[in-house]
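Report on the structure given below.
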Amino acid sequence: MTIQRMDNVGIVVDDLDVAVAFFTELGMELEGRTPIEGSWASSVVGLRDMRSEIAMMRIPDAPGRLELATYHRPALITPEPAVFPANAVGLHRVMFAVDDIEDTIARLRQFGAELVGEVARFEDSFLLCYLRGPSGIIVGLAEQLN
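The sequence shown runs 2 to 147 under our numbering.
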């Protein structure tokens, strides 16, 4: 057996509207938004009597989707510390290739995005940076130079 594809990456957020707006500004499109609940959903995620809402974001004309979710039941929990550094064990970041890194940073700042470090140049190949977005999500940006 082989893997057919990576379908999506799921991220739990505290404000679904803000997260959708942030990733829309980044250039993704909202594919759909729906509540998720019922015994099948509770069985999959291992939470009794759960109710959530998801927003599926897609990259236009490219493979790859991001599933943004918030939980209404049971209540969201925020682990300590609430904002993890880049070397924390677990999901590290979601990386996107962009045309203009400085323009992208400027547009995302209006949604509260902050640079984790700074924009750095990797040889003559890429400009790279990490931003902290909604719900503390680390988003990597890469602009190819040649």
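Just so it is clear, CB atoms sit at the ideal spot from N, CA and C, and this is done for glycine as well.
Here the alpha carbons of Asn147 and Leu132 stand approximately 23 Å from one another.
The secondary-structure analysis by DSSP pairs Gln145 across a beta bridge with Phe127.
Residue pairing by DSSP puts Glu115 in a beta bridge opposite Arg133. In the DSSP assignment, Val95 falls within the beta strand (DSSP E) that extends over Val95 to Ala98.
Per DSSP, the unbroken beta strand (DSSP E) holding Arg59 starts and ends at Arg52 to Arg59.
Residue state for Ala70 is assigned as strand, using DSSP reduced to three classes. Within 10 angstroms of the beta-carbon of Ile12 lie 16 or more other beta-carbons, which makes it buried.
Following the DSSP letters along the chain, one finds Thr35 inside the beta strand (DSSP E) bounded by residues Glu30 to Glu38. The three-state reading of DSSP puts Ala121 in strand, counting E and B together. C-alpha of Ala107 to C-alpha of Pro61: approximately 21 Å in a straight line.
For Trp41 and Leu129, the gap between their C-alpha atoms comes out near 41 Å. The bridge partners DSSP lists for Gly11 are Glu68. Glu144 and Leu17 have their alpha carbons spaced roughly 27 Å apart.
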